[in-house]
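Novice: Provided herewith is a single structure, encoded as structure tokens, for subsequent inquiry.
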Amino acid sequence: MTSKIIYHDLTSRKWPVSWSPYTVRTTLSLKLLGLPYEHHEISYPDIAATLTSLGVEPEPEDVGEEIQYTLPAITIGSETIMGSRAIAEKLASLTPEYEKKLFPQGGQSRDAVERFEKEVLPQVAKRMGGMRKHIIPFVPLFLDDKGAEYFLRTREKELGNLGAARNVALEEEKEIGWKGLVKESAAPILEFYNSLDGSAKNGVFAFGESDPQYVDICVVGILQWWICARGAKEVMEGLEEAGDGRLAKIAQHCARLQGVEEALVGGRQ
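Under UniProt numbering, the sequence shown has 101 at position 101, and the numbering climbs by one with no breaks.
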């Protein structure tokens, strides 16, 4: 029997929909495996103190940085694990069944996740002209008050005034349209799926499968981030028009998996 799981997620006005591309991964992994959990919301400025109290150590490369602790995290038994990939590996290690659901092709499934992270996501950001411009400035609009203040204080040091950045993004989008930008940015993800499939065309998910696995969950994390930041209508329309609409189907399936009505396709804006 699996120990009680406490899932540490970011406070926002979007709950019960996880919005961060990384917390979404943990939400959907837990749902895919059918694991019950206690949901624990943490505001941005309280993350470090909470995880420190649970015995979490920052990653070596983050020691000394202003931001050393991030979400998601889960506490399972007496152990707290930080980071979406580490959490997925922990869950997969619990039973052979969970391993098979998250990483059905074993090493190939894990290699696909690595490739998505290192090769595909940078291409997506480049197509969009930088998610720093079109997504990140919109995040504080749906955070809790102290979370929004913390987000602005920490991100504006590098990105400049986010209110001004929103105006720039909206102005730039007038030419191609937000829906058009989504459609264009989705192209590298579709190419990625086509390269994984080879000749297998049995389903919409990775490797032509009929059920999602962890790499599909990683993809949906990005799509849900876009939707929470900018609204569902144009994002879903852009995904439906991209290629054969495969990404829209993946998003819709995982919305149902999350078990929240209209979690992706029309959730609270």
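For glycine and all other residues, C-beta sits at the position ideal for the given N, C-alpha and C.
#1: Residues in its own chain within less than 7 Å of V139 by CB, not counting five upstream and five downstream?
#2: State the Cα-Cα distance for the pair I5 and V24, rounded to the nearest angstrom.
#3: CB-CB under 7 Å to F207, same chain, minus the five flanking residues each way: which ones, in chain order?
#4: Have a look at the DSSP bridge pairing and note the partners of residue 270.
#5: Please return the same chain residues whose Cβ sits closer than 6 Å to the Cβ of T50, not counting the five positions on each side in sequence.
#6: Do R132 and the ligand MN come close, with the Cβ less than 6 Å from some heavy atom?
#7: Is the distance from the Cβ of T26 to the Cβ of P72 below 7 Å?
#8: Run through DSSP, which three-state label would A73 get?
#9: May I ask you to list the residues that DSSP assigns as paired with Y7?
#10: What is the DSSP secondary structure of residue 342, reduced to helix, strand or coil?
#11: With a 10 Å radius around its C-beta and 16 neighbouring C-beta atoms as the bar for buried, classify I67 as buried or exposed.
#12: Any idea what DSSP makes of V120, helix, strand or coil?
#13: Just to confirm the assignment, what range does the alpha helix (DSSP H) spanning V139 have?
#14: So does the region 212-223 actually touch the region 243-257, counting three or more Cβ pairs closer than 8 Å?
#15: Tell me, to the nearest whole angstrom, how far the beta carbon of L10 is from that of S20; I am working on the premise that it is less than 8 Å.
#16: Can you tell me whether DSSP reads Q213 as helix, strand or coil?
#17: Buried or exposed: L162, going by 16 or more other Cβ atoms within 10 Å of its Cβ?
#18: So, does the region 172-181 touch the region 83-99, judging by three or more C-beta pairs under 8 Å?
#19: On the criterion of 16 or more Cβ atoms from any shown chain inside 10 Å, does K14 qualify as buried, or is it exposed?
#20: Between the Cα of V113 and those of L239, E57, Y22, A232, spot the shortest distance and give me the residue it belongs to.
#21: Pick from E97, G77, Y69, S78: whose alpha carbon is nearest that of S84?
#22: Could you say which of W226, I227, S210 lies nearest to R246 if we only look at CA atoms?
Specialist: Let me lay it out:
#1: F151, A229
#2: 16 Å
#3: Q105, L196, D197, A200
#4: Outside the displayed range of the chain (1 to 269) lies residue 270, so it cannot be described from this structure.
#5: I42
#6: The model on display carries no ligand, and the ligand MN is accordingly not part of it.
#7: Yes, Cβ-Cβ distance for T26 and P72 is below 7 Å.
#8: strand
#9: H39, I74
#10: With the chain covering only 1 through 269, there is no way to say anything about residue 342.
#11: exposed
#12: helix
#13: Counting along the chain, V139 falls outside any alpha helix (DSSP H), and DSSP gives it neither H nor E.
#14: These segments touch.
#15: 6 Å
#16: Per DSSP, reduced to three states, the secondary structure at Q213 is coil, with no helix or strand assignment.
#17: buried
#18: The answer is no - the region 83-99 does not touch the region 172-181, with fewer than three Cβ pairs under 8 Å.
#19: buried
#20: Its Cα nearest to that of V113, the residue Y22 stands out among L239, E57, Y22, A232.
#21: The option with the nearest alpha carbon to S84 is Y69.
#22: Taking only the C-alpha atoms, the option nearest R246 is S210.
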